[in-house]
Amino acid sequence: MTDPVLIDELKTLVEPGKVLTDAASLEAWGKDWTKHFPPAPSAIVFPKTVDQVQAIVRWANRHKVALVPSGGRTGLSAAAVAANGEVVVSFDYMNRILDFNAFDRTVVCQPGVVTAQLQAFAEEQGLYYPVDFASSGSSQIGGNIGTNAGGIKVIRYGMTRNWVAGLKVVTGAGELLELNKDLIKNATGYDLRQLFIGAEGTLGFVVEATMRLDRAPKNLTAMVLGTPDFDSIMPVLHAFQGKLDLTAFEFFSDKGLAKILGRGDVPAPFATDCPFYALLEFEATTEDVANEALALFEHCVEQGWVLDGVMSQSEQQLRNLWKLREYLSETISHWTPYKNDISVTVAKVPAFLRDIDAIVTAYYPDFEVVWYGHIGDGNLHLNILKPEDMGKDEFFAKCAVVNKQVFETVEKYNGSISAEHGVGMTKRDYLAYSRSAAEIAYMKAVKAVFDPNGIMNPGKIFAPE
Ligand code: MLT
Ligand code: ZN
20 MTDPVLIDEL KTLVEPGKVL TDAASLEAWG KDWTKHFPPA PSAIVFPKTV
70 DQVQAIVRWA NRHKVALVPS GGRTGLSAAA VAANGEVVVS FDYMNRILDF
120 NAFDRTVVCQ PGVVTAQLQA FAEEQGLYYP VDFASSGSSQ IGGNIGTNAG
170 GIKVIRYGMT RNWVAGLKVV TGAGELLELN KDLIKNATGY DLRQLFIGAE
220 GTLGFVVEAT MRLDRAPKNL TAMVLGTPDF DSIMPVLHAF QGKLDLTAFE
270 FFSDKGLAKI LGRGDVPAPF ATDCPFYALL EFEATTEDVA NEALALFEHC
320 VEQGWVLDGV MSQSEQQLRN LWKLREYLSE TISHWTPYKN DISVTVAKVP
370 AFLRDIDAIV TAYYPDFEVV WYGHIGDGNL HLNILKPEDM GKDEFFAKCA
420 VVNKQVFETV EKYNGSISAE HGVGMTKRDY LAYSRSAAEI AYMKAVKAVF
470 DPNGIMNPGK IFAPE
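Here the sequence shown stands for residues 20 to 484, numbered as in this note's numbering.
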């Protein structure tokens, strides 16, 4: 734990009352949505300015105190968990939109701006911030950048990385850098901005971000299609992608749907029970586009790839269909799921899923397994649900036994052990299944350049040595 004398010194760097050490605050800000590691921070500090962030980082360097960045705390890899007496730096009070440029379609955000706040701001300007996911009501832009957040629209718009025009960061050495100056074209050597995106706060803190906006989509329309087996989802994707510009192509299993319907507040898409469901979305800009989608649906039924389906006819129906997918993560959190977030190239998905499913079924015959994910991006979420009568630690230990087989399969398919949730602490011991030894050595060398004293979120991405 950090010496109380040092915490008193920390208090002089920020506004009065902006360092908390009471048990409830340590518990609340010391963790993200993961439940693997009990939080144990020394203090929570809330800077309000870039100068204060710099002062905190310099203080941490002087006294060799580890810092953990904290945003909306919705992360799923324990990258924002302070489990070892670190000081948590929360960006909750750096939450303003500072500027908007209509010509460049850019918005300058403090790191604590909530994703939904940016989305709403974009809408007020008649524009669109396209990175979206179920936790957008709480997640913050700084955290999204730290994890290069993906979500449900990646098939069309890409990850957070695609929307970052420029960054201001305070490095682990306490220096303020302006990266890329919000330029579209800038061929002046290494793009350090990209290094900080997805770095999970291990190189420094994002203290300002210029985010790009896009034109607003027109008449978004969703379809939910039930398929007789997983393999049928792929030709459906291929058929629709060949004719329509999809804004989403998601999937979930019957077990996932059962959990959603069990809530009692979301209508079933249709009466036919199917083992798997695809949710796709497109802009029905004209009647021809909507008719094309219906023709594709009929073709898929004729081919035997689809058993039943529905297309949204109103905004309300669109929202209800999305609830089937978007509510999954929160709904199954009741069962303390053991989560895997794995990816391969799209063409490999069916064989990959079959192999992983065989491993999981063999090892966990008694556990409930819920599959869902961003199938159009090759990203599968494998969720193993904890039986009600089993302790959390026993359950996680049992699940971890199978990690070796799951990650060996990921490696065999040249995939990723973390597609979008990040490495944090939950996946750090498995990094070598996705990155070569030489690559990891270069990554560590990069960290040492920006964070010479190793104070920035230590123990995340890389296991402690
Ligand atoms: C999702 O796709 O719903 C999110 O990545 C969260 C999750 O996997 O639970
Ligand atoms: Zn996801």
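C-beta: ideal position from N, C-alpha, C; glycine also.
On a predicted model such as this, the values are computed, not experimentally measured, just so you know.
Let's see if you can read the secondary structure: which residues bound the beta strand (DSSP E) around C128? T125 to C128
Distance cut-off 6 Å: S435 Cβ against heavy atoms of the ligand MLT: no
By Cβ distance below 6 Å, which residues in the same chain neighbour N275 in space, the five residues on each side in sequence not counted? Checking the displayed sequence, the identity of residue 275 turns out to be Gly instead of Asn. For G275, where only same-chain residues beyond five positions count, the Cβ hits under 6 Å are L347, V389 and Y391.
Y296 versus D273 - alpha carbon distance: Their Cα atoms are separated by approximately 7 Å.
What does DSSP give as the partner residue(s) for P88 in the beta ladder? V108
Quick check on the DSSP output: the alpha helix (DSSP H) that includes T134 runs from which residue to which? T134 to E143
Can S109 be considered in contact with the ligand MLT, in the sense that its beta carbon sits closer than 6 Å to one or more heavy atoms? no
Assign Q136 to one of two classes, buried (16 or more other C-beta atoms within 10 Å of its C-beta) or exposed (fewer than that). buried
With C-beta atoms as the reference, is L440 less than 7 Å away from L95? As written in the sequence, residue 440 is His, which differs from the Leu given in the question. Closer than 7 Å, so yes.
Please identify the residue among M178, L196 and G90 whose C-alpha is closest to the C-alpha of L186. L196
Residue range of the unbroken beta strand (DSSP E) whose run includes I361: Where I361 is concerned, the enclosing beta strand (DSSP E) stretches over Y357 to S362.
What residues are listed by DSSP as bridge partners for D408? According to DSSP, which records beta bridges pairwise, D408 is partnered with nothing at all.
Inter-residue spacing [alpha-carbon to alpha-carbon] between V379 and V421: 8 Å
Looking at S109 and S89, is the spacing between their C-beta atoms short of 7 Å? yes
Terminal residues of the continuous beta strand (DSSP E) containing N120? I116 to N120
What are the residues that DSSP puts in a beta bridge with S435? S362
On the CB-based measure, 16 or more other CB atoms within 10 Å of its CB, does D360 come out buried or exposed? Residue environment: D360 is assigned as buried (16 or more neighbouring CB atoms within 10 Å of its CB, all protein chains considered).
Just the Cα atoms here: how many angstroms apart are Q332 and P288? The straight-line gap from Cα to Cα measures roughly 13 Å.
Would a C-beta distance cut-off of 7 Å place A303 and R231 closer than the cut-off? In this structure, A303 keeps its C-beta atom at 7 Å or more from the C-beta atom of R231.
Residue from K423, Q138, E34 and T190 whose Cα sits closest to the Cα of F215: T190
H353 beta carbon near the ligand MLT (any heavy atom closer than 6 Å): no
Secondary structure of V150, DSSP reduced to three states: DSSP places V150 in coil when its eight states are reduced to three.
Starting from I252, follow the alpha helix (DSSP H) in both directions and report where the run begins and ends. Unbroken alpha helix (DSSP H) run through I252: I252 to K262.
By how many angstroms is the C-alpha of L298 removed from the C-alpha of D41? Approximately 45 Å, taken between the alpha carbons.
Could you please go through the chain and list the residues whose beta-carbon is closer than 5 Å to any non-hydrogen atom of the ligand MLT? Chain-ordered list of matching residues: S348 and H400.
Using only the alpha-carbon positions, how far apart do F316 and L326 sit? 10 Å
Within 10 Å of its beta-carbon, does Q73 have 16 or more other beta-carbons around it, so buried, or fewer, so exposed? buried
Could you name each continuous beta strand (DSSP E) segment of 3 residues or more that falls completely within the region 362-402, going from the start of the chain to the end? 387-393
Using a 10 Å radius around the Cβ and a threshold of 16 neighbouring Cβ atoms, would you call H257 buried or exposed? exposed
Could you check if K504 is buried or exposed, using at least 16 other CB atoms within 10 Å of its CB as the buried criterion? Because the chain here runs from 20 to 484, residue 504 falls outside it and cannot be looked at.
Please confirm whether A228 and I160 have their CB atoms less than 7 Å apart. The answer is yes: Cβ separation under 7 Å.
If you draw a straight line from the alpha carbon of M330 to that of N339, how long is it in whole angstroms? 11 Å
Going by DSSP in three states, R447 sits in which element: helix, strand or coil? helix
Residue environment, L399, which counts as buried when at least 16 other CB atoms sit within 10 Å: buried
Does the structure place the region 151-171 close enough to the region 53-69 that three or more beta carbon pairs sit under 8 Å? no
CB of K446 within 7 Å of CB of S437, strictly: yes
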